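In what follows, a single structure is set out as structure tokens and then discussed.
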Amino acid sequence: MVTALMIIDAIISIALIITVVLQPGKSAGLSGSIAGGADTIFGGRRKGLDEQLARLTMILGVLFGIITLVLARIS
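So the sequence shown is residues 393 to 467, counted in the numbering used here.
The following block contains the structure:
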């Protein structure tokens, strides 16, 4: 049981790293943060693949956290 959870945890962590690396970077510098904030205030939305990668990153992060906590509790 523990070995299976460790393998699943490793697979999820690799997938989490890949999804974070594939996401496009935010604009650099102070001007990028101001422009990005204005987009979200005025209803700008991420489209297509960016939105899916963000959602997948959140799901994988939650799964990774839960499985890691279960492994810590078992050990």
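Here a beta-carbon is modelled for each residue, glycine too, at the ideal position from N, C-alpha and C.
Only a predicted model underlies this, so the values are computations on that prediction, with no experimental measurement involved.
Sequence-distant residues of its chain with Cβ nearer than 8 Å to residue i (five each side left out)
i	result
Asp442	Gln415 and Pro416
Leu397	Ile459, Val462, Leu463 and Ile466
Residue i to residue j span [Cα, whole Å]
i	j	result
Thr460	Ile451	14 Å
Ser467	Arg447	30 Å
Val462	Ile399	13 Å
Ile404	Val454	10 Å
Ala464	Ala407	21 Å
Asp401	Thr395	10 Å
Val413	Met393	30 Å
For residue i, the nearest candidate out of the options (CA to CA)
i	options	result
Gln444	Thr395, Thr411 and Arg465	Thr411
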